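Numbering (this note's numbering), first residue to last: 359 to 678.
Backbone N, C-alpha and C define an ideal beta-carbon position, used for all residues, glycine too.
As the structure is a computational prediction, the values presented were derived from the model and not from experiment.
In what follows, a single structure is set out as structure tokens and then discussed.
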């Protein structure tokens, strides 16, 4: 495939999607430092935090403090997740560039994740959209389990598009199509996202893949081939879904950028700076992270020659 010369936008989600699952609270100053470093790497968007109830997600109970203290790069969109009107009011007081709303395309998953049916979720989010549209803040909606539900199985493309259209009619600017539990496969990705690009040409469409079954990079290529140019990714591959046993993290940012850049795509990301931040993340969470490029190095990060090999090669050169 000939990769595009136009920009491919990387949306970093580690400090929301990744950190919300951490059992040990990550100090506020460490979150801020990580976000500031990410903002200098060239990513297009950072999902900073979630304005969910601190009782529901105590790992992100410092949402206001983080948003109020981070550096704001003019080239980065700073987005936050909001679940309801109260969350939206809290978020808007912190001046994000965008709010991200979440609803599942699967009834069972929505009940498990949000404790309400999809119709109730849509009604609640419609109220949020009406509130936010009174401001200059952009609105994105993430449609979870769009490629399959761990409790129901396949979710039909028609069902995904039905909910996408309902949100589009409310005036949102973007939709993120989420493989929440890593059930997607490339042919399915091509079919659904290719169709959605034609149905919703005025919306910013973002692909959101998890690596539960090792297909996140392959799915990203499939999305690229049908014209998707925006990708959620998580530094180190952190993340997961508490309502999907065995689900692992999001596609790893440094692995995704490395693959895209090798194939000629322009992500705008400084890979060396990104790998430095990935190393910083590993120190913050105090464990190894799933990403591969941080462990193996970039493709042409060469190893030093063993001394005896260097000596043998030098002798050969002397006799040429």
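query: Buried or exposed for residue 494, going by 16 or more other Cβ atoms inside 10 Å?; result: exposed
query: Output the boundary residues of the alpha helix (DSSP H) element that contains residue 681.; result: Residue 681 is absent from the structure shown; the chain starts at 359 and stops at 678.
query: So, does the region 465-479 touch the region 418-437, judging by three or more C-beta pairs under 8 Å?; result: no
query: In the DSSP assignment, what are the bridge partners of residue 369?; result: 403, 590
query: Throw me the rounded Cβ distance for the residue 462 and residue 476 pair, which I believe falls under 8 Å.; result: 7 Å
query: Using the Cα positions of residue 542 and residue 505, report the straight-line distance between them to the nearest angstrom.; result: 5 Å
query: Please state whether the Cβ-Cβ distance between residue 497 and residue 457 is less than 7 Å.; result: yes
query: Please state the DSSP three-state secondary structure of residue 642.; result: helix
query: Between 621, 666, 408, which has its C-alpha nearest residue 363's C-alpha?; result: 621
query: Quick one: what's got a C-beta closer than 7 Å to residue 646's C-beta in the same chain, skipping five residues either side?; result: 640
query: Where in the region 431-505 do unbroken runs of the beta strand (DSSP E), each at least 3 residues long, occur, reported from the N-terminal end onward?; result: 435-439, 456-462, 496-502
query: Assign residue 389 to buried or exposed, taking buried as 16 or more other Cβ atoms, counted over all protein chains shown, within 10 Å of its Cβ.; result: buried
query: List the DSSP bridge partners of residue 511.; result: 507
query: Quick check for students: name the residue ranges of the alpha helix (DSSP H) that lie wholly in the region 601-672, counting only runs of 4 or more.; result: 611-620, 629-643, 651-654
query: Considering only C-alpha positions, which residue in the set 426, 400, 676, 499 is nearest to residue 386?; result: 426
query: Report buried or exposed for residue 564, applying the criterion of at least 16 other Cβ atoms within 10 angstroms of its Cβ.; result: buried
query: Reducing DSSP to helix, strand and coil, say where residue 548 ends up.; result: helix
query: With DSSP run on the structure shown, which of helix, strand or coil describes residue 711?; result: Since the first residue of the chain shown is 359 and the last is 678, residue 711 is not available in this structure.
query: DSSP has residue 578 in a bridge; who is on the other side?; result: Paired residue(s): none; residue 578 is not in a bridge.
query: With DSSP as the reference, label residue 408 as helix, strand or coil.; result: strand
query: Please classify residue 532: does DSSP put it in a helix, a strand, or coil?; result: strand
query: Taking the alpha-carbon positions, what's the residue 383 to residue 416 distance?; result: 8 Å
query: Taking the alpha carbon of residue 464 as the point to measure from, which residue in 443, 445, 517 has its own alpha carbon closest?; result: 517
query: Run the CB neighbour count on residue 508, radius 10 Å, all protein chains shown included, and call it buried at 16 or more, exposed below.; result: buried
query: Of the residues 634, 591, 551, 667, which one's Cα is nearest the Cα of residue 371?; result: 591
query: Taking residue 377 as the reference, give the member of 444, 489, 440, 594 with the closest Cα.; result: 594
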